[in-house]
Amino acid sequence: MSHVTLAVSAATFKHLFVFLRDRISYSKSDSTSWGPFTVNYSVAVHLADGDVTLNDDGTVEIAGLKAIWDSLGVSLSFTLPQWCVGGWCAVPTPWGCAVRLPELCVGGDVVSIHPNLDGLESKVTDFKADLATVYFTDPARAPGLTDVAAEQAGTPNKWQIFLHPDRVLIEPIDPIGTAGNLLVEAMNAVIDDVLGPLPDWAKSLVKDIIGPIEGFIKTVFGIADDIDTWFQNLLGDLNLVADLETAVAQYFAQQYPLHEFPDPYPMLPWEPATPLPVFIPLRNLAATVNSAEMVATVDVGNV
Amino acid sequence: MNSLLGHPIFSLSGADSTALTMLGAIVHPVDEPGVYGGTIVAASGAQRDFTLVVDANDVARNAAIDLAGARPPGGGCSCDASAETYRMGPGHVTFHVGSGVDRYHVRLGRRDATDAEVFDSRLLCDGDRFAATLLRPGRYRATDLEHHHRATVTVRRLGARDRALLREPVRVSLGGRGFSKHEFEVISLQGLLIEIGAKAAIRIEPERFEDDDR
Numbered sequence: 001m002s003h004v005t006l007a008v009s010a011a012t013f014k015h016l017f018v019f020l021r022d023r024i025s026y027s028k029s030d031s032t033s034w035g036p037f038t039v040n041y042s043v044a045v046h047l048a049d050g051d052v053t054l055n056d057d058g059t060v061e062i063a064g065l066k067a068i069w070d071s072l073g074v075s076l077s078f079t080l081p082q083w084c085v086g087g088w089c090a091v092p093t094p095w096g097c098a099v100r101l102p103e104l105c106v107g108g109d110v111v112s113i114h115p116n117l118d119g120l121e122s123k124v125t126d127f128k129a130d131l132a133t134v135y136f137t138d139p140a141r142a143p144g145l146t147d148v149a150a151e152q153a154g155t156p157n158k159w160q161i162f163l164h165p166d167r168v169l170i171e172p173i174d175p176i177g178t179a180g181n182l183l184v185e186a187m188n189a190v191i192d193d194v195l196g197p198l199p200d201w202a203k204s205l206v207k208d209i210i211g212p213i214e215g216f217i218k219t220v221f222g223i224a225d226d227i228d229t230w231f232q233n234l235l236g237d238l239n240l241v242a243d244l245e246t247a248v249a250q251y252f253a254q255q256y257p258l259h260e261f262p263d264p265y266p267m268l269p270w271e272p273a274t275p276l277p278v279f280i281p282l283r284n285l286a287a288t289v290n291s292a293e294m295v296a297t298v299d300v301g302n303v
Numbered sequence: 001m002n003s004l005l006g007h008p009i010f011s012l013s014g015a016d017s018t019a020l021t022m023l024g025a026i027v028h029p030v031d032e033p034g035v036y037g038g039t040i041v042a043a044s045g046a047q048r049d050f051t052l053v054v055d056a057n058d059v060a061r062n063a064a065i066d067l068a069g070a071r072p073p074g075g076g077c078s079c080d081a082s083a084e085t086y087r088m089g090p091g092h093v094t095f096h097v098g099s100g101v102d103r104y105h106v107r108l109g110r111r112d113a114t115d116a117e118v119f120d121s122r123l124l125c126d127g128d129r130f131a132a133t134l135l136r137p138g139r140y141r142a143t144d145l146e147h148h149h150r151a152t153v154t155v156r157r158l159g160a161r162d163r164a165l166l167r168e169p170v171r172v173s174l175g176g177r178g179f180s181k182h183e184f185e186v187i188s189l190q191g192l193l194i195e196i197g198a199k200a201a202i203r204i205e206p207e208r209f210e211d212d213d214r
């Protein structure tokens, strides 16, 4: 039988979860080439909401948790097609063209479009965890340091209780129904930007050459089907959601504990007025939950 | 660099056979074998010479000469690296402007005992062709400065179904009695080819742009 049993109410446990949830900050940026175009992305995510349920089987479930994409900067760089003046036959003959005019081509600018995806939400559709205890030896602790000195130096060993997710599933980034519009808006914006210094008639001419913007987007990016599906597949291929799932799981399971106890535990910490501190070694920390509370048990002394 | 940004083609409007720009080109027949000396004169004052060798045994039937100075990458002629020399068989030489906003004319003469001038692009002659590309939609006036013949050219905005039409120029002839049509229409970007049947100098200049109406 354990020497000490600690209990934390479900309500307090929820506060612990919220405290951790609000400290998650995930960001990542990278670029990758996709043949005729290049994708650069930069994302930043935080978590919001989430109802905590403690189960009698020792598991913790979080429902309604959301990943908020504070910034989801995706830019697609590509080369604007050239259009040419001339190239047609000036002197046709029955045997073919005797003189073809030289072509004068304009275009070929490399441009980037930046569809605005900021503020999208992805539901965390499955978050189920149990509790795991870990003994942590601070790597910053100097060798040979006594427990009292380590406590004073802020580098004591610790017992930690982590929320250890069995699985974290986040729904795909879903701009369905708007993805195509986002790309069209972004393409229109970049074309207006590129053509900005040109006179209005020249802008109209280049837009006439480009033709309907949806068709132009399909041509530039080699899209065979609809733009919505293509863009969602592209976001999926960037593994943004999979990376976020891993990051969230690692955050809870390895980086930030729900709670931690220094070991040995300073029952009577050292102070100038307390020249004889009392430290109790903790052993065999275990933690679980039931529907009412979190329960942690620990042995005291060199058991 | 052919970047859309600041491309000089957008600063041009109209076309003039006496002062060639990127929107105009002249195709001139040269049937007599021989060595020809040419002089390219820019409105800015720059001038340069070239040699055109027409060799009956040369299989190439045309040469393209960029009046703005860029040498063609092979193809219809061969160019001497040290001197600007173009070689071809009896056929046609094309004078065009590949870059910039300058305006050019060119003179061509025999380089033999006669030293006779055989061509001055400011005065087109029978068998020449003047190729123009008009970009900005609107109404233009085409004038034969030599005989004061006129025609109206309407440049229509490029439509979604017009792309196939761009492959072929609108062909018009100009002889001693004037243009073969008094009014004709081209699509923005579409070529306009005027086949010359008598001495002529052609200027196509805007009368009213479509966007002036807005």
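If you read the protein sequences in the order shown, they are chains A and B. Read in order, the letters of the first sequence correspond to residues 1 to 303 in our numbering. Read in order, the letters of the second sequence correspond to residues 1 to 214 in our numbering. Using N, Cα and C, we set each Cβ at its ideal position, and we do this for glycine too.
Anticipated Cβ contact below 8 angstroms, residue i with residue j, distance rounded
i: H149 of chain B; j: L174 of chain B; result: 7 angstroms
i: F17 of chain A; j: V52 of chain A; result: 5 angstroms
i: I202 of chain B; j: R129 of chain B; result: Not confirmed; about 11 angstroms, so no contact.
i: G98 of chain B; j: A63 of chain B; result: Incorrect: roughly 14 angstroms between the Cβ atoms, too far for contact.
i: V54 of chain B; j: V27 of chain B; result: Actually they are not in contact, since the Cβ atoms of V54 of chain B and V27 of chain B sit about 15 angstroms apart, beyond 8 angstroms.
i: V41 of chain B; j: H105 of chain B; result: 6 angstroms
i: R167 of chain A; j: D126 of chain A; result: 6 angstroms
i: S3 of chain B; j: D109 of chain A; result: 5 angstroms
Candidates the options, of which the one nearest residue i by Cα
i: I280 of chain A; options: A:G301, A:P199, A:A129, A:M294; result: A:G301
i: T137 of chain A; options: A:W159, A:T146, A:Q152; result: A:W159
i: R163 of chain B; options: A:E61, A:E185, A:W83, A:S204; result: A:W83
i: T39 of chain B; options: B:D66, B:M22, B:P33, B:V59; result: B:D66
i: V134 of chain A; options: A:V110, A:I161, A:A273; result: A:I161
i: D130 of chain A; options: A:G96, A:D56, A:L276, A:I24; result: A:D56
i: A249 of chain A; options: A:L163, A:A286, A:P277, A:S27; result: A:L163
i: V124 of chain A; options: A:A242, A:E293, A:P257, A:V295; result: A:A242
i: Y36 of chain B; options: B:P137, B:G197, B:G127, B:Y86; result: B:Y86
i: A98 of chain A; options: B:M88, B:A198, B:V106, B:L23; result: B:M88
i: P264 of chain A; options: A:E245, A:N284, A:T274, A:A253; result: A:N284
i: K45 of chain B; options: B:D102, B:L20, B:A25; result: Per the sequence shown, residue 45 of chain B should be read as Gly rather than Lys. Checked all of B:D102, B:L20, B:A25; the closest Cα to G45 of chain B is B:D102.
i: L282 of chain A; options: A:P156, A:L205, A:F252; result: A:P156
i: T288 of chain A; options: A:A132, A:V190, A:Y41, A:E245; result: A:A132
i: R156 of chain B; options: B:R136, B:V170, B:L145; result: B:R136
i: L240 of chain A; options: A:V8, A:D193, A:V74; result: A:V74
Simplified DSSP assignment, three categories, for residue i
i: Q82 of chain A; result: coil
i: M187 of chain A; result: helix
i: P72 of chain B; result: Residue placement at P72 of chain B is poorly supported in this model, since its pLDDT is 49, which falls under 50; the coordinates are not used for a value here.
i: A81 of chain B; result: Annotation note: pLDDT 49 at A81 of chain B (below 50); position unreliable, no value reported.
i: D211 of chain B; result: helix
i: Q160 of chain A; result: strand
i: Y256 of chain A; result: coil
i: Q250 of chain A; result: helix
i: K203 of chain A; result: helix
i: G58 of chain A; result: coil
i: P8 of chain B; result: helix
i: A42 of chain B; result: strand
i: D144 of chain B; result: strand
i: K28 of chain A; result: strand
i: E32 of chain B; result: coil
i: D138 of chain A; result: coil
i: F21 of chain A; result: Contrary to the premise, residue 21 of chain A reads as Arg rather than Phe in this sequence. DSSP places R21 of chain A in helix when its eight states are reduced to three.
i: L192 of chain B; result: strand
i: N233 of chain A; result: helix
i: N181 of chain A; result: helix
Status (buried if at least 16 other CB within 10 Å, exposed otherwise) for residue i
i: R48 of chain B; result: exposed
i: H92 of chain B; result: buried
i: Q255 of chain A; result: exposed
i: P115 of chain A; result: buried
i: S121 of chain B; result: buried
i: G64 of chain A; result: exposed
i: E151 of chain A; result: buried
i: D212 of chain B; result: exposed
i: G191 of chain B; result: buried
i: L124 of chain B; result: buried
i: G75 of chain B; result: Reliability fails at G75 of chain B, whose pLDDT of 41 lies under 50, so the model's placement of it is uncertain and the value that follows must be treated cautiously. Burial call: exposed.
i: L169 of chain A; result: exposed
i: H182 of chain B; result: exposed
In DSSP terms, what residue i is bridged to
i: D299 of chain A; result: A:R283
i: W69 of chain A; result: A:V45
i: A63 of chain B; result: B:V93
i: Q337 of chain A; result: For residue 337 of chain A there is no data in the structure shown, the boundaries of chain A being 1 and 303.
i: S75 of chain A; result: A:N40
i: I170 of chain A; result: A:V124
i: I187 of chain B; result: B:R156
Check: Looking at chain D, which residues of the region 22 to 39 of chain B have a Cβ within less than 8 angstroms of any of its Cβ atoms?
Finding: Looking at the structure shown, chain D is missing, and the protein chains on hand are A and B.
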